[in-house]
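Below: one structure, written as structure tokens.
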Amino acid sequence: MTDAADSTSQFHRVVGFDPGLNVTGYGVVECRGAAVRLVEAGTVRSRGDSLEERLHTIHLGVRDVLDSLRPSAMAIEQVFAHVRFPKAAILLGHARGVICLAGVQAGLAVHHYLPNRVKSTLCGAGHAGKEQMQLAVQRELGLAARPEPADAADALAVALADWHLRLRPLLFGTGVSRIRSGRA
């Protein structure tokens, strides 16, 4: 598996995924030195009545994204399981599984991030809303407008979190640092 995060290489292309059974967001960022830019973002929409058909569509769509955009690493949001909705977490886990499978088949290292870790990395708060996340992604990438749809913005946030939490410390010896008021 390839994982181009070494100190000899200053070029990285990370694909982030926000898994969903109906809509899966993807976002690709390119990191050159300390600069990060948007390559592409979009969605893979599943179709079909059965779970198997939906998973097949997701897998094919993700493989197409990986084949056409040629990332060097993959980052994916972990499943958040709410005790009141266990079935939703199980179904989402299926979608996440075929996305991870596609990454491994493409020879990529797959990095996993909890949703609140992604949010706190970009927004400073682990419970940031969709609009706040879109604004953070817009700011980080220097975009003229908020990225749409929200699924693609969330996937870009996952890719950016990978940059801040994994790649940046490897390349520059620094990660995300925050100054919080009221704390020593």
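In my numbering, the protein residues as written are 1 to 184.
Positions of the beta carbon are idealized from the N, C-alpha and C atoms, including for glycine.
How about residue i and residue j: are their beta carbons less than 9 Å apart?
{"i": "T24", "j": "I99", "result": "yes"}
{"i": "I76", "j": "V110", "result": "yes"}
{"i": "L108", "j": "P71", "result": "yes"}
{"i": "P147", "j": "L141", "result": "yes"}
Measure the C-alpha to C-alpha separation of residue i and residue j and round it to an integer number of angstroms.
{"i": "W163", "j": "C31", "result": "8 Å"}
{"i": "R13", "j": "L122", "result": "19 Å"}
{"i": "A88", "j": "V79", "result": "10 Å"}
{"i": "R106", "j": "V15", "result": "According to the sequence displayed, residue 106 carries Ala and not Arg. Rounded to the nearest angstrom, the two C-alpha atoms are 12 Å apart."}
{"i": "S7", "j": "E52", "result": "Residue confidence for S7 is low, a pLDDT of 45 falling below 50, so the modelled location carries little weight and cannot support an answer."}
{"i": "A5", "j": "L167", "result": "Unreliable placement is indicated for A5, whose pLDDT of 48 sits below 50; no coordinate value is reported for it."}
{"i": "A34", "j": "N22", "result": "35 Å"}
{"i": "D49", "j": "Y113", "result": "30 Å"}
{"i": "I58", "j": "P86", "result": "21 Å"}
By alpha-carbon positions, which one of the options ends up nearest to residue i?
{"i": "S120", "options": "D67, E53 and D154", "result": "D154"}
{"i": "A81", "options": "A73, G93 and A125", "result": "G93"}
{"i": "R63", "options": "I90, G103 and K130", "result": "G103"}
{"i": "V29", "options": "G126, E131 and A73", "result": "A73"}
{"i": "F17", "options": "G97, G48, R139 and F11", "result": "G97"}
Between residue i and residue j, which are expected to be in contact by the criterion C-beta below 8 Å, what is the C-beta distance as a whole number of angstroms?
{"i": "G20", "j": "A95", "result": "6 Å"}
{"i": "V118", "j": "A152", "result": "Going by Cβ atoms, the distance from V118 to A152 rounds to 14 Å, so no, they are not a contact pair."}
{"i": "V36", "j": "L135", "result": "About 16 Å; that fails the 8 Å criterion."}
Compute every distance between the C-beta of residue i and the non-hydrogen atoms of the ligand FMN, then say whether any falls below 8 Å.
{"i": "V158", "result": "No copy of the ligand FMN occurs in the structure displayed, which carries no ligand at all."}
Worksheet item: Which parts of the stretch 42 to 98 are runs of the beta strand (DSSP E), unbroken and 3 residues or longer, counting only runs that do not cross its ends?
Response: The beta strand (DSSP E) runs of length 3 or more contained entirely in the stretch 42 to 98 are, from start to end of the chain, 73 to 77.
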